[in-house]
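Have a look at the structure below, then the notes.
There are 2 protein chains.
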Amino acid sequence: MTYITREALLNMDSRYRAKLINSLSGFKSVNLIGSINDKDQTNLAIFSSVIHLGASPALVAFIMRPSSVERHTLENIQQTGQYTINQVNTDFWQGAHQTSARYERHQSEFEEVALSMQFIDNISAPFVKESQLKYAVALKEILPITLNNTLLVIGEITDIICTEQAIQPDGYIDIESLGAVTVSGLDSYHSTHRLSRLSYAKPDTSLVELNLVGSPHLG
Amino acid sequence: MTYITREALLNMDSRYRAKLINSLSGFKSVNLIGSINDKDQTNLAIFSSVIHLGASPALVAFIMRPSSVERHTLENIQQTGQYTINQVNTDFWQGAHQTSARYERHQSEFEEVALSMQFIDNISAPFVKESQLKYAVALKEILPITLNNTLLVIGEITDIICTEQAIQPDGYIDIESLGAVTVSGLDSYHSTHRLSRLSYAKPDTSLVELNLVGSPHLG
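Protein chains in written order, with the working numbering: chain B, 1157 to 1375; chain L, 1157 to 1375.
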């Protein structure tokens, strides 16, 4: 085992440190956030910081770096109060990564990376048609994190679109069967292999492995 | 594809909704947070909400639900200003899940789930010996999220301990080679299979797959 001190971290080359520190939190979600501005220009951007915040109310959050290319997303969300979150799967993970390039405002990432827009009633923001699990989100709050000038963008989940067979009888969605991918560090993409679901943990009680039923790619 | 409206979400059985909504954000990190109080009682708790917040300064955050069993962790962190984050791997993922049982304050999860404590100089909080990537964190800020009474606990990474061969020449840590696991929903654990690392995306430039070198389990 190697041991890296705080002093070594502070003296590290900044690009090396960025890759190292980005690896520490573990595997991250991979989502495309779709948005539109008041001139009907659409935007699509990849985020690895989307996190579950709570089920009641149904809240989801992500981290925004204001100085980055992602600002089109932030401006659109502030204008319309609405966005979509689309899980990335093994069919289009490279195109999803390509959305992180610094495209101009008049360029739509949908066209540039060959993904299709999908619209539903009452939601102006575009969904990604190729995504098998996606939802519309209504902006609730933007919380400044002053320590490093990032923003925690919090929204409420309003409309969910999902491949039906992936939804288990207890509500769990088998995202592995949908080919959902995960990312480590800044740029390493991974598919997954289920170890098991586990029962709710109680003191002095052994864990039980839970079986899945009827998921699309698992027979 | 099935379509779930906001009204259907609001009327859903609360346990069903919790499992459904927890599946939406995608794959999550799996970490054990180690802490100690001023009576030298240690605590270890599993979290799926640890996220990367920034590399300079090196900041990591996680979500705390104040009313849950995790409050021992919060109280310890508030007393000592210090904790450890330990990536969970395929060797002890069931024991890690078991730490979510409601143990009493005088019970140490290390003993209950048969994991070993490891200490280093100047850090009072215990590390998990079995983890191959772990770090000490100094508390910087606890940010209340009033929308659902959760807390965003933010800390600075001070000391990193890692299996040396997993660190790539550019700083990326090959956490897959360390057997790091990921979780979907509340209770489904997964190992991973790398699709590829991808080059930094630029407009009008094709992505290149990046090779890894010398990682421990990948030859």
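C-beta atoms are modelled at their ideal positions from N, C-alpha and C, and glycine is treated no differently.
Given the structure is predicted, the values throughout are model-derived calculations rather than measurements.
Do we get a CB-CB distance below 8 Å when we pair L/D1277 with the residues of chain B? Answer no: the Cβ-Cβ gap between L/D1277 and chain B never drops below 8 Å.
According to DSSP, what are the bridge partners of B/R1353? B/L1366 and L/S1344
Margin query: Under 8 Å, Cβ to Cβ, is there at least one residue of chain B near L/H1228?
Written below: Taking Cβ atoms only, chain B never reaches closer than 8 Å to L/H1228, which makes this a no.
Buried or exposed by the 16-neighbour rule on C-beta atoms within 10 Å, applied to B/N1305:
Counting every other CB atom within 10 Å of its CB across the protein chains shown gives B/N1305 a total below 16, marking it as exposed.
**Asked** Leaving out the 5 sequence neighbours to the left and right, which residues in its chain are closer than 7 Å to L/S1355 when beta-carbon positions are compared?
**Response** L1363, V1364 and L1366
Are the C-beta of B/G1341 and some C-beta of chain L separated by less than 8 Å? With its beta carbon less than 8 Å from one in chain L, B/G1341 belongs to the interface.
Checklist entry - Quick one: does L/F1183 have its CB under 8 Å from some CB of chain B? => result yes
Practice item. Less than 8 Å between the CB atoms is what I'm expecting for B/G1182 and L/I1160, so what's the real figure, rounded? Key: Contact doesn't hold; Cβ gap of about 29 Å is too wide.
Taking only three categories from DSSP, how would you classify L/L1165?
helix
Three-state secondary structure (DSSP) at B/F1183?
-> Coil, per DSSP.
Quiz prompt | Reduced DSSP secondary structure (H/G/I, E/B, other) of B/T1240 | solution = strand
Practice problem: In angstroms with no decimal places, state the Cα-to-Cα distance between L/D1343 and L/A1252. | Solution: 11 Å
Environment of L/K1358 [buried if 16+ CB atoms lie within 10 Å] = exposed
Using only the alpha-carbon positions, how far apart do B/I1317 and B/R1258 sit? The alpha-carbon atoms of B/I1317 and B/R1258 are separated by roughly 29 Å.
### Task
Run down chain L in chain order and give the residues with a C-beta less than 7 Å from the C-beta of B/A1281.
Contact of B/A1281 with chain L by beta-carbon distance below 7 Å is absent, the smallest such distance being about 15 Å.
What ranges does the beta strand (DSSP E) occupy inside the segment 1194-1269 of chain L, keeping only unbroken runs of at least 3 residues that lie completely in it? 1198-1203, 1207-1211, 1214-1220 and 1238-1243
- So what does DSSP say about L/E1312, is it helix, strand or coil? strand
### Message
Given this structure, state the Cα-to-Cα distance separating L/E1268 from L/N1242, to the nearest angstrom.
### Response
17 Å
Discussion item. Quick check on the DSSP output: the beta strand (DSSP E) that includes L/S1280 runs from which residue to which?
Written reply: I1279 to V1284
Open item on the list: Quick check: is the beta carbon of L/K1175 nearer than 8 Å to any beta carbon in chain B?
Closed with: yes
_Cα-Cα separation between L/A1270 and B/A1174, rounded to whole angstroms_ = 34 Å
Worksheet entry | Chain-order list of residues whose beta-carbon lies under 7 Å from that of L/V1206 (same chain, five-residue window excluded) | Here the set comprises S1185, N1187, V1216, F1218 and I1241.
Exercise for review: State yes or no: is the beta carbon of B/I1310 nearer than 8 Å to at least one beta carbon in chain L?
Suggested key: yes
task: Would you list the one or two residues that DSSP bridges to L/P1300?
output: L/L1307
Roughly how many angstroms separate the alpha carbons of L/H1262 and L/G1311, rounded to a whole number? Using only the alpha carbons, I get a separation of about 26 Å.
*Those residues which DSSP pairs with B/Q1274 across a bridge*: B/F1283
What did DSSP end up calling B/Y1159 once you bin it into helix, strand or coil?
-> strand
Member of B/Q1238, B/D1360 and B/S1170 whose CA lies at the smallest distance from the CA of B/I1296 = Note that residue 1296 of chain B is Lys in the sequence shown, not Ile. Per the Cα distances, B/Q1238.
Bridge partners for B/I1331 per DSSP, in chain order? None, per the DSSP bridge assignment.
Contact criterion: CB-CB distance below 8 Å. Does L/T1236 meet it with respect to chain B? Chain B, which has no Cβ nearer than 8 Å to the Cβ of L/T1236, makes this no.
Query raised in the report: Name the DSSP bridge partner or partners of L/A1292?
Result: Looking at the DSSP output, L/A1292 sits in a beta bridge with L/T1240 and L/D1315.
If you draw a straight line from the alpha carbon of L/L1176 to that of L/N1167, how long is it in whole angstroms? 13 Å
Straight-line gap, B/G1375 to B/R1350 (C-alpha atoms, nearest Å)
Only weak support exists for where B/G1375 lies, its pLDDT of 35 falling under 50; the value from the coordinates is given anyway. So the alpha carbons of these two residues sit roughly 14 Å apart.
Please confirm whether L/L1165 and B/I1301 have their CB atoms less than 8 Å apart.
-> no
Could one say the Cβ of B/T1158 lies closer than 8 Å to chain L's Cβ atoms, at least one of them?
yes
Report the CB separation of B/E1265 from B/A1201 in whole angstroms; it is logged as a contact under 8 Å.
Contact holds; Cβ gap of about 7 Å.
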